[in-house]
Structures are given as C-alpha cells and as structure tokens.
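Worksheet: the structure to be examined is printed underneath.
Protein chains: 2
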Amino acid sequence: MPTLTPTLLSHVAEYFKVLSELSRLQVLCAIKSGPKNVTEIMAETELGQANVSKHLKILTQAGLISRHPRGVSVYYELADPMIFDLCTLVCQSLEQRLQRQSQQLSDLSRSVFVESEKQV
Amino acid sequence: MPTLTPTLLSHVAEYFKVLSELSRLQVLCAIKSGPKNVTEIMAETELGQANVSKHLKILTQAGLISRHPRGVSVYYELADPMIFDLCTLVCQSLEQRLQRQSQQLSDLSRSVFVESEKQV
DNA sequence: TCGTTATATGGTTGAATGGTAATATAATAT
DNA sequence: ATATTATATTACCATTCAACCATATAACGA
C-alpha cells in the first residue's frame, strides 16, 4: 500500500464519500451491464431527473464514470469496474460481521437455555 | 459478487459512509500498526477528545474496530485489515486517473504547440 | 472518601448535501 | 422557425453531521 499521507488520505475519503450514497450506488449498478442514457438510468433507479443528473455529474467529476453524448441523449458508462471489487470486499466484510453476530446470538441463547435448565 | 439488492446496497453505502470521513481514516491509520488507547490516538491524529471518542464509537458500531478496556484506558484495534485493501484499490484508481489527466494535459500542450507553429 | 485521570455523552452550531420544482439549454423533427 | 424531447442547472428546503464545549461516568491512587 502507498504511504497514506494526509493529502492522499483526504482524496481517498472523497472517493469513499462519492460511493457512500445509496442513489449513486444504484446508478452505478444500473450501468454495470453496459452504457445507458439518462432516461434509462432514471427508469432503472426510479430517481427523479434532476436528481439523477446531479449524481451523474458527481460520479463523472470523481472519474468513476464517463460521459458520451450521442444525438439528443447522453450515455454514461463505468470508467473503472474496480468499483465492484470494492463492493465485493465490503459485502464479504458485512457477511463475516453478520456471521459473528449470529454466532454470538446462538451462544447467548444456549447459555440462557442452560441457565433456565439449572433453575428447574 | 453477490447480488446487490437495494437492502444490501444500502448497507454497503453505510459502510462507505463510515470510511468517507478524513478524521476516521486518520484514526484507522493510527491503529494500523497495532492497538492504541484513546489518548495515543488523540496524539497521533491531533483531533479533540470528544471528537475522537465519537469517531471511535462510529467505527466500533460499524464493526471496523474493536474495543478493549484495560484498566482506566480503552484500547482500540482494527477488526478487519481488509479496510486497507480498499484504500489500496482506491489509491490505484486515483493514480490511474491522475496519469490519464496528465497525459491529456501533455497531449493538449503538444497540440497547442503544433497550432502555434502553424501560425508562424 | 476524595481527587485525578481517562473516556464517554449531551447539547449546540455551522456547513455540506440530497431531493424536488422550476427553468435553461441543446438537439432533432415537422 | 417552432415544437418537442432529453439533459443540465438553479434555487430552495430539510436533513445530516462534524467539531467543539460542557458535563458525566468510570477506574484508580492517596
């Protein structure tokens, strides 16, 4: 890993901030299978037009997607599919966390059960 | 990659939101080399006490770090070093983006140079 | 017990930002 | 030229949240 200087770190934080909004992740998922224009993205995400447009601008400025006007409509496509590698890693972490929690829960319920047995 | 249902996606967004704050990334970096107590983290990050405490709580609740009281002080440690794999991927993406931009800049300056030559 | 140190919490404030409606711009067709 | 469709922008509101101050809690020593 590169040295995480404060400057670099703030860029990383900014990157994560772009990905920290559900609507924007939905937009990214919408174009995961291939380029789509704004109308198509609106349909798939069920977000408002101005809203989608703003999010697309933010994603474009962050370099996560690229903009391709074609005729009257504008197509957007993923600039770096690595984004979904990030999502995969996060999902794995979430999964592990859930497993730990459910394990703790079952341990807890077992101990409660044992305790109640003692009472009898 | 698992199917990114809206529910799962919102969890992923939440995860990224935790990582989207410079102060919290600084805290994570501070304990990257090993567990540290709150005072040590304050010193390393130069953040206020209440501030650090709140960020530590957020990171703990998100499952990114774990809390270990020892005597009068409380030590925190990374719960999942995978976090820095995320940072590495992001850094690579940022680097690529910068390279593309600098390439475009040099292309631009070259074309400007050629144009000015034509003028002569 | 009392004081001290370490950490956590509550309250407040200001800045950032997502959503939406209204409007602007751009491209195409009639 | 004008209407129409697609996209972008602006203005506004509501919410979120980081930073800070003050205060509370907890652990330990004198």
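Those sequence lines, one after another, are chains A and B. Counting in my numbering, the first sequence runs from 1060 upward without gaps. Counting in my numbering, the second sequence runs from 1060 upward without gaps. Glycine is no exception: its CB is placed at the ideal position from the N, C-alpha and C atoms. Model, not experiment: these values are computed from the prediction.
8 Å contact criterion, which residue i and residue j should meet: CB distance rounded
i: Asp1139 (chain A); j: Leu1123 (chain A); result: 6 Å
i: Ile1100 (chain A); j: Ala1089 (chain A); result: 5 Å
i: Ser1082 (chain A); j: His1127 (chain A); result: No, Ser1082 (chain A) and His1127 (chain A) are not in contact; Cβ-Cβ is about 21 Å, not under 8 Å.
For residue i, the first and last residue of its enclosing alpha helix (DSSP H)
i: Leu1084 (chain B); result: Leu1081 to Ala1089
i: Ser1069 (chain A); result: Pro1065 to Leu1078
i: Ser1125 (chain A); result: Ser1125 (chain A) -> not in any alpha helix (DSSP H); beta strand (DSSP E) instead, spanning Ile1124 to Arg1129.
i: Leu1118 (chain B); result: Gln1108 to Gln1120
i: Glu1105 (chain A); result: Run containing Glu1105 (chain A): none; DSSP gives neither H nor E here.
Residue-level contact to chain A via CB, residue i, 8 Å cutoff
i: His1070 (chain B); result: yes
i: Tyr1135 (chain B); result: no
i: Ser1125 (chain B); result: no
i: Lys1116 (chain B); result: no
i: Lys1095 (chain B); result: no
i: Gly1107 (chain B); result: no
i: Gly1122 (chain B); result: yes
i: Arg1156 (chain B); result: yes
CB contact flag (residue i, residue j, <8 Å)
i: Lys1116 (chain A); j: Ser1079 (chain B); result: no
i: Tyr1135 (chain A); j: Val1149 (chain B); result: no
i: Leu1068 (chain A); j: Gln1163 (chain B); result: no
i: Thr1119 (chain B); j: Ser1125 (chain B); result: yes
i: Leu1153 (chain B); j: Cys1146 (chain A); result: no
i: Leu1106 (chain B); j: Ile1142 (chain B); result: no
N-terminal and C-terminal residue of the beta strand (DSSP E) that residue i is part of
i: Glu1136 (chain B); result: Ser1132 to Leu1137
Closer than 8 Å to chain B by CB, residue i
i: Ser1079 (chain A); result: yes
i: Gln1085 (chain A); result: yes
i: Thr1101 (chain A); result: Contrary to the premise, residue 1101 (chain A) reads as Met rather than Thr in this sequence. Not closer than 8 Å to any Cβ of chain B, the Cβ of Met1101 (chain A) fails to qualify, so no.
i: Val1149 (chain A); result: yes
i: Asp1166 (chain A); result: no
i: Ser1112 (chain A); result: no
i: Ser1092 (chain A); result: no
i: Ser1152 (chain A); result: yes
Option in the options with minimal Cα separation from residue i
i: Val1133 (chain A); options: A:Gln1151, A:Thr1098, A:Gln1155 and A:Leu1106; result: A:Thr1098
i: Leu1137 (chain A); options: A:Ala1121, A:Val1071, A:Ala1072 and A:Ser1165; result: A:Ala1121
i: His1070 (chain A); options: B:His1070, B:Lys1095, B:Val1071 and B:Arg1156; result: B:Arg1156
i: Pro1094 (chain A); options: A:Gln1151, A:Pro1065, A:Arg1129 and A:Thr1066; result: A:Arg1129
i: Asn1096 (chain B); options: B:Ala1072, B:Pro1065, B:Val1131 and B:Thr1066; result: B:Val1131
i: Pro1065 (chain A); options: B:Lys1091, B:Gln1160, B:Arg1159 and B:Thr1104; result: B:Thr1104
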